[in-house]
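Q: Dropping the structure in here first, questions after.
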Amino acid sequence: TYVFSLHAGPWKIWEDNKFRIPLRLMARQSLAPYVKSEEWLDWTRFGFDYFEKAFGTPYPFGKYDQLIVPDFVAGAMENVAAVTFNERSVPRGDRSARQQERTFNTLLHEMAHMWFGDLVTMKWWNDLWLNESFASYAAAHAIATHPDFGHAWVSFHSDKSRGYFADQLPTTHPIVGDIPDTQVAESVFDGITYGKGASWLKLLVFRVGEERFFAGLKDYFKKHQYGNTTVDDLLSALEEKDSRKTQEFAKPWLHTAGLNRVKVQAVCSKDSRLTALEIEQTSPEKLDQLRPHSMNVAIYLDPGEREQWTAKRVIRVDYDGAKTSVPVSENLECPTLVFPNATDDDYVRLQFPSDTFLKLRNELPRLADPVHRTLIWDSIGWAIEDGEMSLEDAITLTSQVLPLEKDFAVLGHIERFMRFSIQERIEDFQDRDLRIRLAKPIDEAVEKILVDTKTAKDFRLSAFDFHIAFLTLREDRDSLVRIFEGKTKFPELKLDQPKKWAILKALAELGDTRADTLAKTEKDKSAEAELAKRAIAAALAPYPEKLKIIEAIIKPNTQT
2 TYVFSLHAGP
12 WKIWEDNKFR
22 IPLRLMARQS
32 LAPYVKSEEW
42 LDWTRFGFDY
52 FEKAFGTPYP
62 FGKYDQLIVP
72 DFVAGAMENV
82 AAVTFNERSV
92 PRGDRSARQQ
102 ERTFNTLLHE
112 MAHMWFGDLV
122 TMKWWNDLWL
132 NESFASYAAA
142 HAIATHPDFG
152 HAWVSFHSDK
162 SRGYFADQLP
172 TTHPIVGDIP
182 DTQVAESVFD
192 GITYGKGASW
202 LKLLVFRVGE
212 ERFFAGLKDY
222 FKKHQYGNTT
232 VDDLLSALEE
242 KDSRKTQEFA
252 KPWLHTAGLN
262 RVKVQAVCSK
272 DSRLTALEIE
282 QTSPEKLDQL
292 RPHSMNVAIY
302 LDPGEREQWT
312 AKRVIRVDYD
322 GAKTSVPVSE
332 NLECPTLVFP
342 NATDDDYVRL
352 QFPSDTFLKL
362 RNELPRLADP
372 VHRTLIWDSI
382 GWAIEDGEMS
392 LEDAITLTSQ
402 VLPLEKDFAV
412 LGHIERFMRF
422 SIQERIEDFQ
432 DRDLRIRLAK
442 PIDEAVEKIL
452 VDTKTAKDFR
462 LSAFDFHIAF
472 LTLREDRDSL
482 VRIFEGKTKF
492 PELKLDQPKK
502 WAILKALAEL
512 GDTRADTLAK
522 TEKDKSAEAE
532 LAKRAIAAAL
542 APYPEKLKII
552 EAIIKPNTQT
């Protein structure tokens, strides 16, 4: 966090001087028509109302400015009483509910830093994770209380997915890293710092309890305001509110790397009653680190062919070590299946018995809980990676399930799965015919969503982006041109400038010179248009010219 900031320019300024904290929002004059200023200010007031109550500490500064600035590298950056945002937070075209939630989340993330980062600041960069993780957790916690964003914790899982991905790479590292200098500090803004750290905080809150956690947080701010701290100071404040040893729980989590795996199986009596849950925890061989965990386990009974699958009971379990047996005293029927980490509070990779995994895949559209559907998509991605499920089977499943999903937060996770588990794998195939064949089923499913007026517009906006991506995989240049020229239309979707530039960049990626011809007909004079034109020119450039462009990027002082 930086104490001093200076932002100069002929800003368009929106103000609210009636709120207890003077608020200002600023943007370039040319961007101003696209800024939903009242929405930004409403969200800002909501954030202050929420955080002041949750943290038990008034906002510590005299005003609050938010500036939407050009050429900003990061998504957003907090300074004391002034936050800068990338102009990507203000789309010039249609905006989906998921994009709206993402902007709201970023706004609250940066606001949370006014307390965790500015009012109380880390002593050294090895606790950078706590600044960022806390802001991510606090933003999700706040959004979850807003009436318009009911599935904030499902969206939060995308942060956790970043952690899962980073934690399974050879480059994984402990949450608390060894940071000898500021140059190293710049290299740890990654999925561990944000995703795993925030996910561990969610687990900590689940273990301690929200009431005790926020009571400890209030004491922490009161004791350390305008000072510097380490993570141990926070853990000490929490330990005073909780009889369990918080610091002992934290040690293996903060100082060792890697992602544990868990498998949960039901133990039933001869008369088909549930008697226990057997929990098996493993860790990557090279890291060999088991940790203490807490989670909820959902108990499912087969609902029959026409009903949705809903959990009949949720059982809280604590587990540690390789094997834990949790007795079940309630008189419960032997379940059809058990679902670990049912409320997504634990940070762990789920492993299902093969028959359970197959049933969950087959019943995916009928799982009532959006959290459970999200976690299954995680498991499908891992199954592809581990060779337990073929790419073609995953494509078939996705093309069948995608049009049936009605939750925009889950859809966001499916999009992530499609991009990283399917699209990138298809792109890697050298066989052109194979790429086209694999891309076709999902593209056809996406197109069905686009033409179905009963499907919410938010879903069709996302479908449009994937339609362009999969038409590109199919090398269907003429279809891309027909959409650009308005010969192919989709109900209630306006072909705005961002969509047009996306189509032309896709055409250029395929080496189609019509991209350059059509780009010259566009009258868009925005900075985004200039960047799109440069991208098109670079994509269409002959190979020697591409090398010069790359050389200019990696060696900026080289004359070309």
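Residues in the sequence shown are numbered from 2 upward in steps of one, following my numbering.
Just so you know, even glycine gets a beta-carbon here, dropped at the ideal spot from N, CA and C.
Please read these numbers as outputs of a predicted model, since none were measured by experiment.
Please tell me whether Thr283 and Arg262 are closer than 7 Å, where the distance is taken between their beta carbons.
A: Taking the first residue of the sequence shown as 1, we reach residue 283 at position 282. Taking the first residue of the sequence shown as 1, we reach residue 262 at position 261. Yes, Cβ-Cβ distance for Thr283 and Arg262 is below 7 Å.
Q: I think Ala167 touches Ile193, with their Cβ atoms under 8 Å apart; what is that distance to the nearest whole Å?
A: Residue numbering aside, residue 167 sits at position 166 when the sequence shown is read from its first letter. Residue numbering aside, residue 193 sits at position 192 when the sequence shown is read from its first letter. 5 Å between Cβ atoms; contact.
Q: Would you please state the rounded distance, in angstroms, between the beta carbons of Val81 and Phe222? I believe it to be under 8 Å.
A: Residue 81 sits at position 80 when you count from the first residue of the sequence shown. Residue 222 sits at position 221 when you count from the first residue of the sequence shown. That belief does not hold up - the Cβ atoms of Val81 and Phe222 are roughly 16 Å apart, past 8 Å.
Q: So, at 8 Å on beta carbons, what are the nonlocal neighbours of Thr2 in its own chain, with the 5 sequence-adjacent residues on each side left out?
A: On the sequence shown, residue 2 is found 1 positions in, with the first residue counted as 1. Note on Thr2: pLDDT 49, under 50, position unreliable in the model; no value is reported.
Q: Buried or exposed for Ile554, please, with buried defined as at least 16 other CB atoms from any protein chain shown within 10 angstroms of its CB.
A: Reading the sequence shown from its first residue, position 553 is the one you call residue 554. Counting Cβ neighbours within 10 Å, Ile554 comes out exposed, since fewer than 16 surround it.
Q: Got a sec, what are the start and stop residues for the alpha helix (DSSP H) Gln282 sits in?
A: Translated into the one-based positions of the sequence shown, residue 282 becomes position 281. DSSP places Gln282 in no alpha helix (DSSP H) but in the uninterrupted beta strand (DSSP E) bounded by 275-283.
Q: Closer than 7 Å by C-beta to Pro336: which residues in its own chain qualify, once you throw out the five before and the five after it? Chain order, please.
A: Taking the first residue of the sequence shown as 1, we reach residue 336 at position 335. Apart from sequence neighbours up to five positions away, the residues of its chain that approach Pro336 with a beta-carbon distance below 7 Å are Ala267, Leu275, Ile300, Tyr301, Leu302, ordered along the chain.
Q: Tell me which residues share the same chain as Ala410 and place their Cβ nearer than 6 Å to its Cβ, disregarding the 5 neighbours each side in the sequence.
A: Translated into positions along the sequence shown, residue 410 becomes position 409. Here the set comprises His152, Val155, Ser156.
Q: Tell me whether the beta-carbon of Lys161 lies closer than 7 Å to the beta-carbon of Gly217.
A: For the purposes of this step, residue 161 is taken as residue 160 along the sequence shown, with counting starting at 1. For the purposes of this step, residue 217 is taken as residue 216 along the sequence shown, with counting starting at 1. Between Lys161 and Gly217, the gap from beta carbon to beta carbon reaches 7 Å or more.
Q: Using the rule of at least 16 other Cβ atoms within 10 Å of the residue's Cβ for burial, across every protein chain shown, is Tyr348 buried or exposed?
A: For the purposes of this step, residue 348 is taken as the residue at position 347 of the sequence shown. The residue in question, Tyr348, is buried, as its Cβ has 16 or more Cβ neighbours within 10 Å.
Q: Within the same chain, show all residues whose beta-carbon is closer than 7 Å to that of Ser270, passing over the 5 residues directly before and after it, in chain order.
A: Locating residue 270 in the sequence shown gives position 269, where the first residue counts as 1. Excluding residues within five positions, the ones whose Cβ falls inside 7 Å are Thr276.
Q: With burial defined as no fewer than 16 other Cβ atoms inside 10 Å of the residue's Cβ, what is the status of Phe62: buried or exposed?
A: As a first step, residue 62 must be located in the sequence shown, where it is residue number 61. With fewer than 16 other Cβ atoms within 10 Å, it is exposed.
Q: Alpha carbon to alpha carbon, how far is Val327 from Asp345?
A: Residue numbering aside, residue 327 sits at position 326 when the sequence shown is read from its first letter. Residue numbering aside, residue 345 sits at position 344 when the sequence shown is read from its first letter. C-alpha separation (whole angstroms): 19 Å.
Q: Would DSSP call Thr2 helix, strand or coil?
A: By one-based count along the sequence shown, residue 2 stands at place 1. Residue confidence for Thr2 is low, a pLDDT of 49 falling below 50, so the modelled location carries little weight; the figure read from the coordinates is stated next. Residue state, collapsed to three classes: coil.
Q: Between the C-alpha atoms of His256 and Val339, what's the straight-line distance to the nearest angstrom?
A: As a first step, residue 256 is located in the sequence shown; it is residue number 255 there, counting from the start. As a first step, residue 339 is located in the sequence shown; it is residue number 338 there, counting from the start. Cα to Cα, the separation comes out at about 31 Å.
Q: Measuring straight from C-alpha to C-alpha, what distance separates Thr230 and Thr311?
A: Here residue 230 is taken as the residue at index 229 of the sequence shown, counted from 1. Here residue 311 is taken as the residue at index 310 of the sequence shown, counted from 1. When rounded, the separation of the alpha-carbon atoms in Thr230 and Thr311 is 45 Å.
Q: Check Ala82 in the structure and name its three-state DSSP category.
A: Counting from one through the sequence shown, the residue named residue 82 turns up at place 81. Here Ala82 sits in coil by DSSP.
Q: Just the C-alpha distance for Leu439 and His468, rounded to the nearest angstrom, thanks.
A: Walking along the sequence shown from the start, residue 439 turns up at place 438. Walking along the sequence shown from the start, residue 468 turns up at place 467. Distance between the alpha carbons of Leu439 and His468 is about 14 Å.
Q: So, are the CB atoms of Gly76 and Thr107 less than 7 Å apart?
A: On the sequence shown, residue 76 is found 75 positions in, with the first residue counted as 1. On the sequence shown, residue 107 is found 106 positions in, with the first residue counted as 1. It is a contact, given that the beta carbons lie within the stated cut-off.
Q: Give a yes or no on contact between the stretch 283-292 and the stretch 225-240, applying the rule of three or more CB pairs nearer than 8 Å.
A: no
Q: Can you give the Cα-Cα distance for Pro11 and Thr45, rounded to whole angstroms?
A: As a first step, residue 11 must be located in the sequence shown, where it is residue number 10. As a first step, residue 45 must be located in the sequence shown, where it is residue number 44. Cα to Cα, the separation comes out at about 23 Å.
Q: Across the stretch 411-429 and the stretch 365-382, are there enough close Cβ pairs to call them in contact, namely three or more that are closer than 8 Å?
A: yes
Q: Check each candidate in Lys490, Glu279, Leu392, Thr397 and name the one with the smallest Cα separation from Arg426.
A: Mapped onto the sequence shown, residue 426 falls at position 425. Among Lys490, Glu279, Leu392, Thr397, the Cα nearest to that of Arg426 is on Leu392.
Q: Can you tell me whether Glu16 is helix, strand or coil according to DSSP?
A: As a first step, residue 16 is located in the sequence shown; it is residue number 15 there, counting from the start. Looking at Glu16 - three-state DSSP - the assignment turns out to be strand.
Q: Taking Gly164 as part of the beta strand (DSSP E), name the residues at either end of that continuous run.
A: One-based indexing of the sequence shown puts residue 164 at position 163. It is not in any beta strand (DSSP E) - Gly164 instead sits in the alpha helix (DSSP H) that spans 153-168.
Q: Can you tell me which of the three DSSP states Tyr35 falls into?
A: Here the question's residue 35 lines up with position 34 in the sequence shown. Annotated three-state conformation of Tyr35 is helix, per DSSP.
Q: Using DSSP with H/G/I as helix, E/B as strand and the rest coil, what is His114?
A: Indexing the sequence shown from 1 puts residue 114 at position 113. The answer is coil: DSSP assigns His114 none of H, G, I, E or B.
Q: Tell me which same chain residues have a C-beta within less than 7 Å of the C-beta of Thr561, skipping the five on either side of it?
A: Position 560 of the sequence shown, counted from the start, is the residue given in the question as residue 561. Low confidence applies to Thr561: its pLDDT is 48, below 50, so where it sits in the model is not reliable, and the reading given next is rough at best. Within the same chain, Thr561 has close Cβ partners Lys549, Glu552, Ala553.
Q: What does the alpha-carbon distance come out to for the pair Glu212 and Pro253?
A: The sequence position of residue 212 within the sequence shown is 211, counting from 1. The sequence position of residue 253 within the sequence shown is 252, counting from 1. If you take the alpha carbons of Glu212 and Pro253, they lie about 24 Å apart.
Q: If we ignore side chains and look at the alpha-carbon of each, how far apart do Lys500 and Gly94 end up?
A: The residue you call residue 500 lines up with position 499 of the sequence shown. The residue you call residue 94 lines up with position 93 of the sequence shown. Those two C-alpha atoms are separated by around 8 Å.
Q: Can Gly57 and Leu109 be called in contact, C-beta distance under 7 Å?
A: On the sequence shown, position 56 is the one that residue 57 refers to. On the sequence shown, position 108 is the one that residue 109 refers to. For Gly57 and Leu109, no; Cβs fall outside 7 Å.
Q: How far does the beta strand (DSSP E) with Asn132 in it extend, from its first residue to its last?
A: As a first step, residue 132 must be located in the sequence shown, where it is residue number 131. Careful: Asn132 lies outside any beta strand (DSSP E), inside the alpha helix (DSSP H) at 129-144.
Q: Between Gln352 and the rest of its own chain, which residues show a CB-CB distance below 6 Å, the 5 nearest in sequence each way excluded?
A: Locating residue 352 in the sequence shown gives position 351, counting from the first residue. Excluding residues within five positions, the ones whose Cβ falls inside 6 Å are Arg262, Lys264.
Q: Does the Cβ of Ala258 have 16 or more other Cβ atoms within 10 Å, making it buried, or fewer, making it exposed?
A: Residue numbering aside, residue 258 sits at position 257 when the sequence shown is read from its first letter. Label assigned to Ala258: buried.
Q: So Ala530 packs on Trp502, CB below 8 Å; how close in whole Å?
A: The residue you call residue 530 lines up with position 529 of the sequence shown. The residue you call residue 502 lines up with position 501 of the sequence shown. Between Trp502 and Ala530 the Cβ distance is about 7 Å, and since that is below 8 Å, they are a contact.
Q: Can you say whether Asp128 is buried or exposed, counting buried as having 16 or more other CB atoms within 10 angstroms of its CB?
A: As a position in the sequence shown, residue 128 is number 127, starting the count at 1. So Asp128 counts as buried.
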